[in-house]
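Below is one structure, written out as structure tokens; the observations come after it.
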Amino acid sequence: MDHDRNLFILAEMLALLEGIPSSLIEKHPVQFLMHLDQIRQKAAQHHLSAVHDLSCAFESALQQALQSGSGVVVAESYLGAMRDALQCGPIDSAMAESLMASVALRLGGQP
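Heads up, our numbering is the position in the sequence shown plus 1, with the first residue counted as 1.
What follows is the structure in structure tokens.
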């Protein structure tokens with residue numbers, strides 16, 4: 002039964018991620034941020050710490066990216082990382098931290 006619940010949560014979260022195309026950030030940034038907030042809330046509700054932490058870091062990275070005009074690139078990277086994190090399911094904080102460091106390195110930053 003727990004397996005069925007996990008599959009339902011995975012499907013729900015993937016649907017939320019698919020409903021937020023990276024191109025939306027340039028056309029409707031407020032709507033994009035509202036979708037991102039919904040993903041963060043659902044991730045916290047389902048104890049998906051990696052997805053929650055990624056969504057928080059994503060919002061911070063977007064502020065800088067929007068100023069430099071690279072919002073779509075950052076959005077694609079973070080959305081991809083969040084999809085990858087969903088495949089992990091619930092993970093402990095050390096694994097979530099490792100995933101965050103990996104994302105930071107892929108984006109050319111420091112962990």
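Even for Gly, the Cβ is constructed at its ideal location relative to N, Cα and C. Just so we're clear, the structure is a prediction, and the values are computed from it rather than from any experiment.
Going by DSSP, P30 is part of the alpha helix (DSSP H) stretching over 30 to 46.
Less than 8 Å divides the Cβ of L55 from the Cβ of M83. Each of G70, A86, A12 was checked against the Cα of P30, and the nearest Cα belongs to G70. In this structure, DSSP gives S56 a helical state, which the three-state scheme calls helix.
The DSSP-derived three-state label of I26 is helix.
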